[in-house]
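Structure, as structure tokens:
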Amino acid sequence: AALDRLRARVAETGGAEARADFMMLDLGSLRSIAAFAQALGERTDRLDILVNNAGLMGAPRRAQTEDGFELQFGTNYLGHFALTGRLRPLLLRAPDGGRVVSVASLAAWRGRLVFDDLQARHRYTPFGAYRQSKLANLIFALELDRLAQSGGWNLHSLAAHPGWAVTDIMASRVPEAPNAAERAIRGMVRAIFRLMGQSAEAG
776 AALDRLRARV AETGGAEARA DFMMLDLGSL RSIAAFAQAL GERTDRLDIL
826 VNNAGLMGAP RRAQTEDGFE LQFGTNYLGH FALTGRLRPL LLRAPDGGRV
876 VSVASLAAWR GRLVFDDLQA RHRYTPFGAY RQSKLANLIF ALELDRLAQS
926 GGWNLHSLAA HPGWAVTDIM ASRVPEAPNA AERAIRGMVR AIFRLMGQSA
976 EAG
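978 is the number that this note's numbering gives the last residue of the sequence shown; the numbers go up by one with no jumps.
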């Protein structure tokens, strides 16, 4: 249903030649990222823009990606890092320069990179891990732009903040909260999001 809505929107705004395709990608899997990049390279010889937006937030218990990384850090940051690297050849072929947009979050302001425990094996907190992943994304966006400028790459890297947008980010791939208190808190957070947030389209 979501793909049908997207295709209808593309046809409405993009003209007769516009097209929306669906391709499977799991940012928590390096194997999936490699397969996606290869499949995309077989479909097109260039990529004009890559928006690094997918992710999850606030997993109540520590979990891991299939490659053994902490789930939020592995999906929100390492997955986007790997995807961007795999797609860089296509981005560099864009006539006006490929654009890599990393979607930012206010959570990064309170983020801290714990270099001796990036995978939160010794101390895990749901939103501490999320803040770390979003801070890492911002640093990545800045460093990629610096490398592109110093290396003369045909590439632009920037970060964009969507504001307080109502999405299902807290539900995606996140196990249920283990107790009633945490479930109540998560329910209140979702209610506040819906009450005060703007639509995903506006963000």
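Where a beta carbon is used, it is the ideal one built from N, C-alpha and C, also for glycine. None of these values were measured; they are calculated from a predicted model.
- Is the number of C-beta pairs between the segment 792-803 and the segment 881-888 that are closer than 8 Å three or more? no
- Message: For the beta strand (DSSP E) containing residue 873, name the first residue and the last one.
- Response: 873-878
- Measure from the alpha carbon of residue 873 to the alpha carbon of each residue in 917, 798, 923, 841, then state which is nearest. 923
- Item | Contacts around residue 935, its chain only, beta-carbon distance under 7 Å, and the 5 residues preceding and following it disregarded | 876, 878, 879
- May I ask you to check if the CB of residue 837 is nearer than 7 Å to at least one heavy atom of the ligand FAD? Although the ligand FAD was asked about, the structure shown includes no ligands whatsoever.
- Query: Hey, is the segment 825-832 in contact with the segment 782-789, meaning 3+ C-beta pairs nearer than 8 Å?
  - Reply: no
- Query: Using DSSP with H/G/I as helix, E/B as strand and the rest coil, what is residue 979?
  - Reply: Given a span of 776 to 978 for the chain in the structure shown, any question on residue 979 remains unanswerable.
- Which word fits residue 963, buried or exposed, when buried means at least 16 other C-beta atoms lie within 10 angstroms of its C-beta? exposed
- Message: Quick check on the burial criterion: 16 or more other C-beta atoms within 10 angstroms. Buried or exposed for residue 929?
- Response: exposed
- What's the gap between the Cα of residue 926 and the Cα of residue 918? 12 Å
- Query: Buried or exposed: where does residue 845 fall if 16 or more other Cβ atoms within 10 Å of its Cβ makes it buried?
  - Reply: buried
- Could you tell me the distance, in whole angstroms, from the CA atom of residue 779 to the CA atom of residue 814? 22 Å
- Query: Straight-line CA distance for residue 792 to residue 870?
  - Reply: 19 Å
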